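Residue numbers (the numbering used here): -16 to 182.
Cβ coordinates follow ideal geometry from the N, Cα and C atoms, glycine included.
Predicted model only: the values in this text are computed from it and were never measured.
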Amino acid sequence: MTHTEDQVAGLLLAAGGGRRLGGRPKALLTHHGRPLVEHAVEVLRAAGCTRVHVVLGAAADAVRERARLEGCVVVVNPRWEQGMGGSLRAGLDSLAGSGARAVLVSLVDQPGIGAEAARRVRAAYRDESSLVSAAYDGLRGHPVLFGAAHWAGVAATATGDRGARGYLKAHEEAITLVECGDVARPYDIDTPDDLGHLE
């Protein structure tokens, strides 16, 4: 393992309750015969993140029971219903003292974004001031890489379902955009119609 490999941790936000899916936790939706959360963890690992933190919320006990999350640091956000912002904060808090100098953040409900896109974003990491985002036809999307110098600022502004959106908007000129539209599709699994994307 090279030194830089260990510096970028993976952070998977997988706490959503799937309100528009009739309350089916997104982490447990099936994709390629296994829970979506397992697929998403593997994407981060394949991108070179040797350390992966997973934030659970809705049905956290059931997710732990049914999904294989060996080797992951599992963080439970008890206030997951308040939105993605709290899960992002919980995930960043869990990285304190880990030695990670950057974090690659991905969302469990975007299975169209695979290892190649995550690898490209991770490869743009330079140091603790790095701020990198995947782009799809020039529009910012996931995954996003935050150098450790940004964590406090992200945590301070991550509220409700906005996640890091406000922080990224305020630091637009510092973001390195990495085009991934040729290797990934950034759809979300939010509604029953979206379930057709799962295989």
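Practice task
Please name the residue, chosen from Leu128, Gly124 and Leu122, that lies closest to Glu111 on a Cα-to-Cα basis.
Solution key: Comparing Cα positions, the closest option is Leu128.
Practice task
Specify the secondary structure class of Asn142 as computed by DSSP and reduced to three states.
Solution key: Strictly speaking, residue 142 in this sequence is Thr, with Asn absent from that position. It is coil, neither helix nor strand.
Practice task
Using alpha carbons as the reference points, say which of Leu39, Asp120, Asp171 and Glu48 lies closest to Leu(-5).
Solution key: With respect to the C-alpha of Leu(-5), the residue from Leu39, Asp120, Asp171 and Glu48 having the closest C-alpha is Leu39.
Exercise for the section: Sort Gly146, Leu181, Pro126 and Tyr150 by Cα distance to Val166 and report the nearest one. Expected result: For Val166, the nearest C-alpha among the options comes from Pro126.
Practice task
Please go through the stretch 75 to 130 and give each complete beta strand (DSSP E) segment of 3 or more residues, from N-terminal end onward.
Solution key: With a minimum length of 3 residues, the continuous beta strand (DSSP E) runs that stay inside the stretch 75 to 130 are 85 to 90, 114 to 119 and 122 to 130.
Exercise for the section: Could you work out which residue in Arg103, Leu160 and Glu156 is closest to Asp120 when comparing CA atoms only? Expected result: Closest by alpha carbon: Leu160.
Practice task
Mark Glu155 as exposed unless 16 or more other C-beta atoms lie within 10 angstroms of its C-beta, in which case mark it buried.
Solution key: Classification for Glu155: exposed.
Exercise for the section: Return the CA-CA distance between Gln65 and Pro8, expressed in angstroms with no decimal places. Expected result: Pairing Gln65 with Pro8, the inter-Cα distance amounts to about 15 Å.
Practice task
Could I get the ranges of all uninterrupted beta strand (DSSP E) runs contained in the stretch 13 to 88, with 3 residues as the minimum, in chain order?
Solution key: With a minimum length of 3 residues, the continuous beta strand (DSSP E) runs that stay inside the stretch 13 to 88 are 35 to 39 and 56 to 59.
Handout entry: Of the listed residues Ala41, Glu53 and Glu25, nearest to Ser70 (C-alpha basis)
Key = The shortest Cα separation from Ser70 among Ala41, Glu53 and Glu25 belongs to Ala41.
Practice task
Leaving aside the five residues before and after Ala50 along the sequence, list all residues of the same chain whose C-beta is less than 6 Å from its C-beta, in chain order.
Solution key: So the qualifying residues of the chain are Pro18, Val20 and Glu21.
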